[in-house]
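K.L.:
In the numbering used here, the protein residues as written are 647 to 895.
We put the CB at the ideal spot given by N, CA and C, even for glycine.
These numbers were taken from a predicted model, which means no experiment stands behind them.
The following block contains the structure, expressed as structure tokens.
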Amino acid sequence: GYGFRCVTEQCATAIFLLIFQSILGVIINSFMCGAILAKISRSKNRAKTITFSKNAVISKRGGKLCLLIRVANLRKSLLIGSHIYGKLLKTTITPEGETIILDQVNIEFVVDAGNENLFFISPLTIYHIIDKNSPFFHMAAETLLQQDFELVVFLDGTVEATSATCQVRTSYIPEEVLWGYRFAPIVSKTKEGKYRVDFQNFSKTVAVETPHCAFCLYNEKEAKTKEKKGYDNPGFVLSEVSETSDTKM
Numbered sequence: 647g648y649g650f651r652c653v654t655e656q657c658a659t660a661i662f663l664l665i666f667q668s669i670l671g672v673i674i675n676s677f678m679c680g681a682i683l684a685k686i687s688r689s690k691n692r693a694k695t696i697t698f699s700k701n702a703v704i705s706k707r708g709g710k711l712c713l714l715i716r717v718a719n720l721r722k723s724l725l726i727g728s729h730i731y732g733k734l735l736k737t738t739i740t741p742e743g744e745t746i747i748l749d750q751v752n753i754e755f756v757v758d759a760g761n762e763n764l765f766f767i768s769p770l771t772i773y774h775i776i777d778k779n780s781p782f783f784h785m786a787a788e789t790l791l792q793q794d795f796e797l798v799v800f801l802d803g804t805v806e807a808t809s810a811t812c813q814v815r816t817s818y819i820p821e822e823v824l825w826g827y828r829f830a831p832i833v834s835k836t837k838e839g840k841y842r843v844d845f846q847n848f849s850k851t852v853a854v855e856t857p858h859c860a861f862c863l864y865n866e867k868e869a870k871t872k873e874k875k876g877y878d879n880p881g882f883v884l885s886e887v888s889e890t891s892d893t894k895m
């Protein structure tokens, strides 16, 4: 026969090429595995596991009129350093008469534990307090559907498994904001002591008694405060009464 070919110690170039090929193959396999893993666990897919309620609601919470939204994490893994905020897009006219299309107004959302580092072990109800600084302050239940705005809500966070950042967005128009409603409870406790979340009623709302405008609610509180403190009638002046010699016995 003709024998066979093999690498011997006299072929330094062949030994170098063999080692280089082996190292290059390991590097290529590592990059391919990393690319496939990043493709599977990319932040875009993770964002799909964060869901918002179908509607936003306006009702009283803690004695204040609030705009409430429900948000939930559908995975067991958490989002690290999550932060939620909103932008109200509307057309405004400045005092100088300039018309600004799609003017952006910051909307601050909070939860009872604060709006930084949200802990998504269960669905959370975030809310915006409608006070005198809120763009919703001069809106009323009767005029809500006549408004022209879009509320965009952002949720930023870091994926726990890959440390990649992701952002989830949703928006609400006036037809999707329900005045005088609150979200139905969906978290219950079983007989075994475990907590159960009913996601079938995640966006379910219940009608509640709510002031028809924030301006009326704050005026009512101020009126009650004045009645409680009391005020003297400014039309009368209280003069000091003293004894005289004619009144003595």
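Going by the beta-carbon positions, is the gap between residue 771 and residue 677 smaller than 8 Å?
P.N.:
no
K.L.:
Between the segment 668-675 and the segment 784-799, are three or more C-beta pairs nearer than 8 Å?
P.N.:
no
K.L.:
Is the beta carbon of residue 718 closer than 8 Å to that of residue 697?
P.N.:
Against a cut-off of 8 Å, the Cβ pair of residue 718 and residue 697 comes out as a contact.
K.L.:
Just the Cα atoms here: how many angstroms apart are residue 656 and residue 810?
P.N.:
50 Å
K.L.:
Which residues share a DSSP beta bridge with residue 716?
P.N.:
771
K.L.:
Comparing alpha-carbon positions, which option in 808, 817, 815, 860 lies nearest residue 680?
P.N.:
808
K.L.:
By how many angstroms is the C-alpha of residue 802 removed from the C-alpha of residue 669?
P.N.:
40 Å
K.L.:
Need the endpoints of the beta strand (DSSP E) that residue 791 sits in, please.
P.N.:
Premise fails: residue 791 is in no beta strand (DSSP E) and is neither H nor E.
K.L.:
Would you kindly work out how many angstroms separate the C-alpha atoms of residue 798 and residue 779, rounded to a whole number?
P.N.:
In a straight line, the C-alpha of residue 798 is about 18 Å away from that of residue 779.
K.L.:
With DSSP as the reference, label residue 863 as helix, strand or coil.
P.N.:
helix
K.L.:
Thinking just about the alpha-carbon of each residue, which of 654, 707, 854 is nearest to the one in residue 776?
P.N.:
707
K.L.:
Ends of the beta strand (DSSP E) at residue 812?
P.N.:
811-818
K.L.:
How many angstroms separate the CA atom of residue 787 from the CA atom of residue 853?
P.N.:
Distance between the alpha carbons of residue 787 and residue 853 is about 13 Å.
K.L.:
For residue 728, does the three-state DSSP call read helix, strand or coil?
P.N.:
In the three-state reduction of the DSSP assignment, residue 728 falls in the strand class.
K.L.:
Taking all protein chains shown into account, decide if residue 768 is buried (16 or more other Cβ within 10 angstroms of its Cβ) or exposed.
P.N.:
exposed
K.L.:
With a threshold of 16 other CB atoms inside 10 Å of the CB of residue 784, please say whether the residue is buried or exposed.
P.N.:
exposed
K.L.:
Give the range of the beta strand (DSSP E) segment to which residue 746 is assigned.
P.N.:
In this chain, the beta strand (DSSP E) harbouring residue 746 covers 745-753.
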